[in-house]
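Trainee: Below is one structure. I have some questions about it.
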Ligand SMILES: [Zn+2]
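Residue numbers (this note's numbering): 1 to 115.
Structure, rendered in structure tokens:
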């Protein structure tokens, strides 16, 4: 299932980033979801949270999905959010944004040495 591999990618990315930063806990993961990805964010959130339950690093971790709108450019100089037909010249614009799913930020907790 598509959503499962997306959720797993988010999980793996967050985990790697947390480990690189010596995090003891991941509090929140921010994810940008392109408008054209055709995925169901609720499903991804559900699957991600299921994965989090298995791992103490992710205990009570929240995930927040933000929509990434379509952004396209045409060779005539048009840029906007038309996907199929350039409103200026009628050609097919090139989609630059809106097809991706990416972890934009993670909030972590790091071991406090003074504690
Ligand atoms: Zn054009």
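Using N, Cα and C, we set each Cβ at its ideal position, and we do this for glycine too.
Beta carbon of residue 14, beta carbon of residue 47: below 7 Å?
Mentor: Cβ distance not < 7 Å, so residue 14 and residue 47 don't count as in contact.
Trainee: Quick one: Cα of residue 64 to Cα of residue 45, how far?
Mentor: Using only the alpha carbons, I get a separation of about 8 Å.
Trainee: Alpha carbon to alpha carbon, how far is residue 18 from residue 91?
Mentor: In a straight line, the C-alpha of residue 18 is about 44 Å away from that of residue 91.
Trainee: Counting only the same chain and skipping the five closest in sequence on each side, list residues whose C-beta sits under 8 Å from that of residue 73.
Mentor: Here the set comprises 79, 93, 94, 96.
Trainee: Going by C-alpha distance, which of 76, 112, 50, 26 is nearest residue 105?
Mentor: Of the candidates 76, 112, 50, 26, the one whose C-alpha sits nearest the C-alpha of residue 105 is 26.
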